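Numbering (my numbering), first residue to last: 3 to 129. For reference, the structure is listed below as structure tokens.
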């Protein structure tokens, strides 16, 4: 069975409020990869802060980790005791080097706006 499409989360939105098992998509630059622990860390800069997303790579190994390259991940949020924010259990981890991050952020905002408007139209037509 294929994973659900997943809701886009910006890396700075991934925190303890993300529900356990929530399918999500996010992105970042691969800053480190530990094959022995099946763990990768994606980082991104937003405003003046640096954000990190921990990714469990068990289901996508082996893969050619290119430290410093941009990656997009689709997976499920998994809460672990040792971390304050959820770990993304990757189903798909793709190198997207050369991707225009600013344009991706804009597209995600436009998609959210569209989904919100569509939801409002559906609610108004049922009342």
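Every residue gets a Cβ at the ideal spot worked out from N, C-alpha and C, and that includes glycine. None of these values were measured; they are calculated from a predicted model.
Nearest to residue i (by Cα), restricted to the options the options
i	options	result
residue 38	114, 30, 50 and 63	63
residue 27	110, 34 and 66	110
residue 25	41, 51 and 75	75
residue 101	23, 19, 51 and 30	30
residue 66	48, 50, 82 and 36	36
residue 56	48, 43, 50 and 47	43
residue 61	126, 93, 85 and 23	93
For residue j and residue i, believed in contact at Cβ under 8 Å, the rounded distance
i	j	result
residue 107	residue 91	Not a contact, Cβ separation roughly 24 Å.
residue 45	residue 95	That belief does not hold up - the Cβ atoms of residue 45 and residue 95 are roughly 15 Å apart, past 8 Å.
residue 13	residue 73	That belief does not hold up - the Cβ atoms of residue 13 and residue 73 are roughly 11 Å apart, past 8 Å.
residue 87	residue 17	5 Å
residue 69	residue 33	7 Å
residue 10	residue 20	Between residue 20 and residue 10 the Cβ distance is about 12 Å, and since that is not below 8 Å, they are no contact.
Terminal residues of the beta strand (DSSP E) in which residue i lies
i	result
residue 7	Residue 7 -> no beta strand (DSSP E), and no H or E assigned at all.
residue 72	72-80
residue 39	No beta strand (DSSP E) holds residue 39; DSSP gives it neither H nor E.
residue 94	89-97
Endpoints, the alpha helix (DSSP H) within which residue i is located
i	result
residue 20	Looking at the DSSP string, residue 20 is not in any alpha helix (DSSP H), and its letter there is neither H nor E.
residue 105	103-128
Residues that DSSP places opposite residue i in a beta bridge
i	result
residue 27	10 and 76
residue 55	44
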